Structure formats: structure tokens, C-alpha cells
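Shown next, in C-alpha cells, is the structure this report addresses.
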Amino acid sequence: MQSLVVVTPVFNEAETLPELIDRLTQTLDGVEDLAWSVLFVDDGSRDATAQMITEHGSKDGRFSVLRLSRNFGHQAALTAGLDHAQGDAVVLMDADLQDPPEVLPEMIAAWRDGHQVILAARRSRQDSGLRGLGFKLFHRFQGVLTDFQIPPNTGIFGLLDRRVVEALRGLTERNRFLPGLRHWVGFDRFTVYYDRQARAGGEPKQSLVRLIKYAVDGILSFSYKPLRIMTYTGCVVSLLGFSIGGYFIAKRLLGFETAEVGFTTLVTLIVTLGGMQLLAVGILGEYLARIYDEVKNRPLYVLRGDG
Ligand code: UDP
Ligand code: MG
Numbered sequence: 053m054q055s056l057v058v059v060t061p062v063f064n065e066a067e068t069l070p071e072l073i074d075r076l077t078q079t080l081d082g083v084e085d086l087a088w089s090v091l092f093v094d095d096g097s098r099d100a101t102a103q104m105i106t107e108h109g110s111k112d113g114r115f116s117v118l119r120l121s122r123n124f125g126h127q128a129a130l131t132a133g134l135d136h137a138q139g140d141a142v143v144l145m146d147a148d149l150q151d152p153p154e155v156l157p158e159m160i161a162a163w164r165d166g167h168q169v170i171l172a173a174r175r176s177r178q179d180s181g182l183r184g185l186g187f188k189l190f191h192r193f194q195g196v197l198t199d200f201q202i203p204p205n206t207g208i209f210g211l212l213d214r215r216v217v218e219a220l221r222g223l224t225e226r227n228r229f230l231p232g233l234r235h236w237v238g239f240d241r242f243t244v245y246y247d248r249q250a251r252a253g254g255e256p257k258q259s260l261v262r263l264i265k266y267a268v269d270g271i272l273s274f275s276y277k278p279l280r281i282m283t284y285t286g287c288v289v290s291l292l293g294f295s296i297g298g299y300f301i302a303k304r305l306l307g308f309e310t311a312e313v314g315f316t317t318l319v320t321l322i323v324t325l326g327g328m329q330l331l332a333v334g335i336l337g338e339y340l341a342r343i344y345d346e347v348k349n350r351p352l353y354v355l356r357g358d359g
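Structure follows, in C-alpha cells:
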């Protein structure tokens with residue numbers, strides 16, 4: 053019989069767990085000939101999350117929890133799950149029911165048809181405000197800034213064949229953007245569509261700052277293009293600068309009067325050029341920091357050892 057492991061990172065999700073466990077059990081029990089299990093990765097929760105899972109696990113052995121020693125973040129927790137999930141296929145999904153378990157049978161059917169990566173793409177999404185805008189902007193510009201367009205409107209939600217999981221485990225980079233890595237390893241893909249729900253309970257557990265870093269990883273990890281854009285902009289601005297400078301020097305040497313006004317122009321130029329330089333140094337720094345992370349070569353997560 054084929055086996056499937058659902059990997060779900062949880063960080064203070066006590067509110068959503070009961071419904072999640074219910075809906076997963078109902079949905080997966082409805083799939084024929086499947087030995088399924090759910091591996092929760094507890095990313096340093098400070099509420100009853102881990103205890104609730106252990107308790108449920110003692111009644112239904114298909115549910116288990118892998119506990120990290122502290123909060124390492126969504127991507128690290130998913131990576132821990134991928135490292136420890138056995139099974140012919142692995143599903144990655146969030147715990148907040150924004151990824152509805154009811155899509156799983158369709159994914160499993162596609163996998164059984166021979167596809168190796170099943171992507172779940174959002175037909176619609178419920179996030180509003182700054183988050184919603186951020187998601188839209190990211191999916192709009194990610195492809196433009198990288199020349200490596202990940203399928204838009206997909207996140208980590210999806211099913212991976214064992215071979216894909218092994219390929220992903222070979223990618224050990226620190227600043228991880230799993231949808232990109234999943235795209236990078238290739239394999240035969242299939243897309244199922246779903247409507248992204250609102251969070252079933254509680255507040256989003258990923259801070260906006262973390263989401264922004266995640267988006268930057270989604271660009272910088274797959275492209276040097278931001279650096280090139282800086283180089284090209286630098287070239288154009290320098291050329292312009294030399295021409296204007298040459299013009300004024302020539303004018304002066306030939307004895308023409310140079311204007312004494314021009315304060316506004318000067319201030320504007322100084323501020324603009326200063327800003328552009330800082331931006332360029334900042335982008336350089338983002339790459340540098342990522343290199344630093346790689347060189348330190350710290351593990352992506354640490355296990356508590358009692359999960
Ligand atoms: N999560 C995690 N570690 C964190 C933050 C979040 O494991 O530091 C989990 C969280 O419990 C949820 C999933 O990652 O299952 C996605 O988080 P959330 O729904 O808060 O983020 P968003 O929907 O904004 O991407
Ligand atoms: Mg969510």
C-alpha cells in the first residue's frame with residue numbers, strides 16, 4: 053500500500069488544531085488504499101499545541117509531533133518535516149486551514165496518475181490590507197526580477213513524490229524559499245486549484261518582517277539580476293554625469309559665464325545619487341549576509357529530542 057505523510061508546521065496553533073485534525077482524518081480516511089500519517093513540526097510553540105498533538109497521538113497513532121528546540125520559522129520547520137517524513141509521498145501544508153485538507157484527494161489522484169510534484173494554486177485569496185498587497189506585488193515582480201518565474205499563486209501547499217523530497221533534501225541553503233526550490237528541482241508537475249480560505253482561528257503567526265524577508269529570499273536566492281540592475285543604472289548615471297560635467301568644464305574654460313543659481317539642482321542631485329548609492333550598497337549587503345549565513349553553516353533547526 054502507498055504511504056503518505058502530511059507535514060504541517062505549527063507555532064501556537066492550539067486554536068486551529070482540533071478542526072484541522074478532524075478535517076484531515078475525515079478527508080484522508082476517505083482515500084482508498086492509502087496508509088497516511090500526519091507529522092506536525094512544533095516550531096517552539098508556547099501554548100498547548102505540542103501537548104494536544106501528543107495527547108491525540110496516543111489515541112490515534114497516525115498523528116505525531118517533532119519538536120524543535122525553539123522557534124526557527126516556517127521554512128526551517130518545513131525542512132525539519134521533510135528531513136523526517138518517511139512515506140512514498142509528502143504533503144506540505146499550513147496548520148491554519150488556509151490550505152484546505154479537502155483538496156488532498158485530488159492531489160493524491162494526480163500523484164497516482166504519475167505526476168511527481170502537485171502544486172496547489174490559489175484561485176482566490178482572503179488576505180487583505182498590507183499582507184494582501186504584499187502577496188500581489190511579490191507574485192507580480194518575482195518573475196521580472198529573477199528570470200525564474202515560479203508558478204504564480206502557489207505557496208508551500210502541495211504534494212511531493214519521494215524522489216522530489218530526496219532532491220529537495222540535497223539543497224541545503226540557509227535562507228530558504230521552498231516554492232522556488234521545489235520549482236528548481238524540476239520533475240513532472242501538475243496543478244490543482246483551490247480557494248484560499250481565511251485563517252481558521254488566531255492571528256497569523258508569521259510577522260510581516262519575516263514575510264518580507266521571505267519574499268526577498270524568493271528573489272535573491274534565484275537571481276543576480278538586482279545586482280545587474282544596479283550596475284546598469286550606475287553606468288547610465290555615470291555617463292550622464294560625465295557628460296554634464298564635461299559640458300560645464302568646457303563652458304568655463306571657454307570663458308562663458310556659469311550660472312550662480314542652481315542650488316535646487318545640486319540638492320536634488322546629491323540626495324538622489326546618495327539614495328541610489330545606499331540602495332545599491334544595501335542590495336550588495338543582502339547578498340553578502342546570505343553568503344555569511346552559508347559560510348557559518350549552522351544547522352537549519354535543532355530538535356528538542358522529546359517529540
Ligand atoms: N509557523 C511556524 N513557525 C513560525 C510561524 C508560523 O511553524 O514561526 C506555522 C504556522 O503555525 C502555520 C504556518 O507556519 O501553520 C503558516 O503560518 P501563518 O499562517 O501564520 O502565515 P501566513 O498564512 O501569513 O503565511
Ligand atoms: Mg496562514
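Under our numbering, the first residue of the sequence shown carries the number 53, and numbering increases by one thereafter. Backbone N, C-alpha and C define an ideal beta-carbon position, used for all residues, glycine too. Values in this document were obtained by computation on a predicted structure and should not be read as measured data.
Taking the C-alpha atoms as reference points, what is the distance between Leu-196 and Gln-329? On the sequence shown, residue 196 is found 144 positions in, with the first residue counted as 1. On the sequence shown, residue 329 is found 277 positions in, with the first residue counted as 1. Per the sequence shown, the amino acid found at residue 196 is Val instead of Leu. Their backbone Cα atoms lie some 22 Å apart in a straight line.
Of the listed residues Val-261, Ala-87, Glu-71, nearest to Leu-182 (C-alpha basis): Residue mapping note: residue 182 aligns to position 130 of the sequence shown, counting from 1. Checked all of Val-261, Ala-87, Glu-71; the closest Cα to Leu-182 is Val-261.
Skipping 5 residues on each side, what residues in its chain have a beta carbon closer than 6 Å to that of Val-354? Here residue 354 corresponds to residue number 302 of the sequence shown, with the count starting at 1. The answer, listed in chain order, is Ser-121.
I think Leu-325 touches Val-217, with their Cβ atoms under 8 Å apart; what is that distance to the nearest whole Å? To locate residue 325, count along the sequence shown from 1; it is residue 273. To locate residue 217, count along the sequence shown from 1; it is residue 165. About 49 Å; that fails the 8 Å criterion.
My output table needs one value for Val-83: the three-state DSSP class, helix, strand or coil. Locating residue 83 in the sequence shown gives position 31, counting from the first residue. In this structure, Val-83 counts as coil in the three-state DSSP scheme.
Give the DSSP-derived three-state secondary structure of Arg-164 in the structure shown. The residue you call residue 164 lines up with position 112 of the sequence shown. Helix.
Who does Pro-152 pair with in a DSSP beta bridge? Counted from its first residue, the sequence shown places residue 152 at position 100. In the DSSP output, where bridge partners are listed per residue, Pro-152 has none listed.
Can you give the Cα-Cα distance for Arg-221 and Gly-139, rounded to whole angstroms? Along the sequence shown, read from residue 1 onward, the residue named residue 221 stands at position 169. Along the sequence shown, read from residue 1 onward, the residue named residue 139 stands at position 87. Those two C-alpha atoms are separated by around 14 Å.
Let me check you understand the geometry: is the CB of Asn-205 closer than 7 Å to at least one non-hydrogen atom of the ligand UDP? As a working mapping, residue 205 is identified with position 153 in the sequence shown. Flag unset: Cβ of Asn-205 not near the ligand UDP.
Go to Tyr-339, then tell me how far its alpha helix (DSSP H) extends in each direction, as first and last residue. Within the sequence shown, numbered from 1, the residue matching residue 339 stands at position 287. Where Tyr-339 is concerned, the enclosing alpha helix (DSSP H) stretches over 315 to 348.
Run the proximity test for Asn-123: is its beta-carbon closer than 7 Å to any non-hydrogen atom belonging to the ligand UDP? The residue labelled residue 123 in the question sits at position 71 within the sequence shown. Result yes, Cβ under 7 Å from the ligand UDP.
Checking the sheet assignment: what are the DSSP bridge partners for Asp-213? Position 161 of the sequence shown, counted from the first residue, corresponds to residue 213. Paired residue(s): Ala-141.
Between which residues of its own chain and Arg-356 is the CB-CB distance below 8 Å, once the five residues before and five after are set aside? If you number the sequence shown from 1, residue 356 lands on position 304. Contacts found: Arg-119, Leu-120, Ser-121.
Does the Cβ of Arg-177 lie closer than 7 Å to at least one heavy atom of the ligand MG? As a working mapping, residue 177 is identified with position 125 in the sequence shown. No, Cβ of Arg-177 sits at least 7 Å from all heavy atoms of the ligand MG.
Segment limits, beta strand (DSSP E) that includes Ile-170: Start at 1 with the first residue of the sequence shown, and residue 170 comes out as number 118. Counting along the chain, the beta strand (DSSP E) containing Ile-170 begins and ends at 169 to 176.
Relative to the ligand UDP, is the shortest distance from any of its heavy atoms to the C-beta of Arg-251 smaller than 7 Å? Locating residue 251 in the sequence shown gives position 199, where the first residue counts as 1. It does: the Cβ of Arg-251 is within 7 Å (strictly closer) of some heavy atom of the ligand UDP.
Here's a check: name, in chain order, each residue in its chain whose Cβ is nearer than 6 Å to the Cβ of Arg-214, leaving out the five neighbours to either side. Locating residue 214 in the sequence shown gives position 162, counting from the first residue. The residues are Asp-140.
Can you find a heavy atom of the ligand MG that lies under 7 Å from the Cβ of Pro-231? Indexing the sequence shown from 1 puts residue 231 at position 179. No, Cβ of Pro-231 sits at least 7 Å from all heavy atoms of the ligand MG.
Using 8 Å for Cβ pairs, my map puts Arg-175 next to Tyr-245. What's the rounded Cβ distance? Position 123 of the sequence shown holds residue 175. Position 193 of the sequence shown holds residue 245. Indeed they touch by this definition, with Cβ atoms about 5 Å apart.
Three-state class that DSSP yields for Gln-127 in the structure shown: Along the sequence shown, read from residue 1 onward, the residue named residue 127 stands at position 75. DSSP places Gln-127 in helix when its eight states are reduced to three.
Closest to Glu-338 by CA distance: which of Leu-352, Pro-278, Thr-285 is it? For this step, residue 338 is matched to residue 286 along the sequence shown. Comparing Cα positions, the closest option is Pro-278.
Using 8 Å as the threshold, is the C-beta distance between Thr-68 and Leu-144 below it? Here residue 68 is taken as the residue at index 16 of the sequence shown, counted from 1. Here residue 144 is taken as the residue at index 92 of the sequence shown, counted from 1. No, Cβ-Cβ distance for Thr-68 and Leu-144 is not below 8 Å.
Going by the C-beta, is Lys-188 closer than 7 Å to any heavy atom of the ligand UDP? Taking the sequence shown and counting its residues from 1, one reaches residue 188 at position 136. The answer is no for Lys-188.
CB of Ala-66 within 8 Å of CB of Ala-100, strictly: Taking the first residue of the sequence shown as 1, we reach residue 66 at position 14. Taking the first residue of the sequence shown as 1, we reach residue 100 at position 48. Their beta carbons are under 8 Å apart, which means Ala-66 touches Ala-100 by this criterion.
Endpoints, the beta strand (DSSP E) within which Leu-355 is located: Residue mapping note: residue 355 aligns to position 303 of the sequence shown, counting from 1. Looking at the DSSP string, Leu-355 is not in any beta strand (DSSP E), and its letter there is neither H nor E.
Going by DSSP, what residue range makes up the beta strand (DSSP E) through Thr-60? Within the sequence shown, the letter at position 8 stands for residue 60. Unbroken beta strand (DSSP E) run through Thr-60: 54 to 62.
In chain order, what residues of the same chain have a beta carbon less than 7 Å from the beta carbon of Ser-170, not counting five sequence neighbours either side? As a first step, residue 170 must be located in the sequence shown, where it is residue number 118. Strictly speaking, residue 170 in this sequence is Ile, with Ser absent from that position. Only Met-159, Ala-162, Trp-163, Gly-210, Leu-211, Phe-242, Val-244 meet the Cβ criterion.
Start-to-end residues for the beta strand (DSSP E) that takes in Tyr-246: Locating residue 246 in the sequence shown gives position 194, where the first residue counts as 1. Unbroken beta strand (DSSP E) run through Tyr-246: 241 to 247.
Inter-residue spacing [alpha-carbon to alpha-carbon] between Pro-152 and Arg-248: In the sequence shown, counting from the first residue as 1, residue 152 sits at position 100. In the sequence shown, counting from the first residue as 1, residue 248 sits at position 196. When rounded, the distance between both Cα atoms is 8 Å.
Phe-274 classed as buried or exposed, judged by whether at least 16 other C-beta atoms fall within 10 angstroms: In the sequence shown, residue 274 corresponds to position 222, counting from 1. Per the 10 Å Cβ criterion, buried.
Of the residues Val-347, Phe-315, Asp-146, Ala-173, the one placed nearest Asp-95, counting alpha carbons only: Within the sequence shown, the letter at position 43 stands for residue 95. Answer by Cα proximity: Asp-146.
Using only CA atoms, which one of Arg-251, Gln-258, Gln-194 lies nearest to Pro-420? Not covered by the structure: residue 420. The range shown for the chain is 53 to 359.
Report the residue from Ile-208, Thr-198, Val-237, Leu-291 whose alpha carbon sits nearest the alpha carbon of Ile-281. Residue 281 sits at position 229 when you count from the first residue of the sequence shown. It is Thr-198 whose Cα lies nearest to the Cα of Ile-281.
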